[in-house]
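K.L.:
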Amino acid sequence: PELLDLTRHFANKDRAVLGICLGSQLVARAFGGENRIGGASEFGWHKVSLTPAAKADPVLAALPENFPIFEWHDDTFVLPEGAVRLAGNEVAENQAFRIGRAVYGFQFHFEADRPMVRDWSSSFASLIAERHPDWSDRLDDEMAHHGPDADAAGLAIARAWVATI
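Just so we're aligned: 57 in our numbering is position 40 of the sequence shown, and the numbers increase by one with no gaps anywhere.
1. Does Asn-29 come out as helix, strand or coil in the three-state DSSP assignment?
2. State yes or no: is the C-beta of Ala-142 within less than 7 angstroms of the C-beta of Gln-124?
3. If the criterion is Cβ atoms closer than 7 angstroms, does the pair Leu-67 and Tyr-121 meet it?
4. From the DSSP output, in three-state form, read off Thr-24 for me.
5. Cβ of Ala-119 within 7 angstroms of Cβ of Ala-33?
6. Compute the Euclidean distance between the alpha carbons of Phe-60 and Glu-51, then round it to the nearest angstrom.
7. Is any non-hydrogen atom of the ligand GTP found closer than 6 angstroms to the C-beta of Gln-112, if you look at the structure I gave you?
8. Taking C-alpha atoms, which residue in Lys-64, Val-76, Ala-175 lies nearest to Phe-114?
9. Expressed to the nearest angstrom, what Euclidean distance is found between the alpha-carbon atoms of Gly-171 and Pro-150?
10. Measure the alpha-carbon distance for Val-134 versus Leu-144 and round it to whole angstroms.
11. What are the boundary residues of the beta strand (DSSP E) that Arg-53 is part of?
12. How about Ala-167 and Trp-89: are their beta carbons less than 7 angstroms apart?
13. Measure the beta-carbon distance from His-126 to Phe-94 and round it to whole angstroms, keeping in mind my assumption that it falls under 8 angstroms.
14. For the beta strand (DSSP E) containing Ala-175, list its first residue and its last residue.
15. Have a look at Ala-169 and Ala-177 and give me their C-alpha separation to the nearest angstrom.
16. Buried or exposed for Ile-182, please, with buried defined as at least 16 other CB atoms from any protein chain shown within 10 angstroms of its CB.
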């Protein structure tokens, strides 16, 4: 409850807020959205599509309409009233949203560039192997295929979000 209160307090002061993965679920919840446990499992690089509203969004407008990005989640959320849906895909329709000027939630991990994904893949190898036993065999090919575009999208999002502060 205190984190949700703090999130609302920052928003009320027009301060930038960023929620990634669980953070996006908490931001949605702070403003009246509903968290949904399970039913939205994604792991690895997946395509995300921008909504028409994203074309005018200061953080996402420069991105291509569809881009790969790293995902690692099982849960999702329903957007709160007044939130602007900015991106989605077939697994989780709410992949990115904005509330007000600069409160953002991202279900995907735009911060996860190739070195970070490699580190996570090593650090959490046994956990990943339980659900994705072929991940270590696929990692290099997936990284080569999706990594450059995902890294570029992630960097563009990070730079644009920082400009909202």
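We put the beta carbon where it would ideally sit given N, CA and C, even for glycine.
P.N.:
Well, looking at it:
1. Correct three-state label for Asn-29: helix.
2. Not closer than 7 angstroms, so no.
3. Tyr-121 is positioned such that its CB atom lies no closer than 7 angstroms to that of Leu-67.
4. When DSSP states are grouped into helix, strand and coil, Thr-24 belongs to the helix group.
5. Cβ distance < 7 angstroms, so Ala-119 and Ala-33 count as in contact.
6. Across the structure, Phe-60 and Glu-51 are spaced so that their CA atoms are roughly 22 angstroms apart.
7. Because no ligand of any kind appears in the structure shown, any question about the ligand GTP cannot be addressed here.
8. The candidate whose alpha carbon is nearest that of Phe-114 is Val-76.
9. Taking the straight line from one Cα to the other gives about 26 angstroms.
10. If you take the alpha carbons of Val-134 and Leu-144, they lie about 14 angstroms apart.
11. From DSSP, the beta strand (DSSP E) with Arg-53 extends over 51–53.
12. Remark: C-beta atoms of Ala-167 and Trp-89 do not approach each other more closely than 7 angstroms.
13. 16 angstroms between Cβ atoms; not a contact.
14. Premise fails: Ala-175 lies in the alpha helix (DSSP H), 152–179, not in any beta strand (DSSP E).
15. The alpha-carbon atoms of Ala-169 and Ala-177 are separated by roughly 12 angstroms.
16. Classification for Ile-182: exposed.
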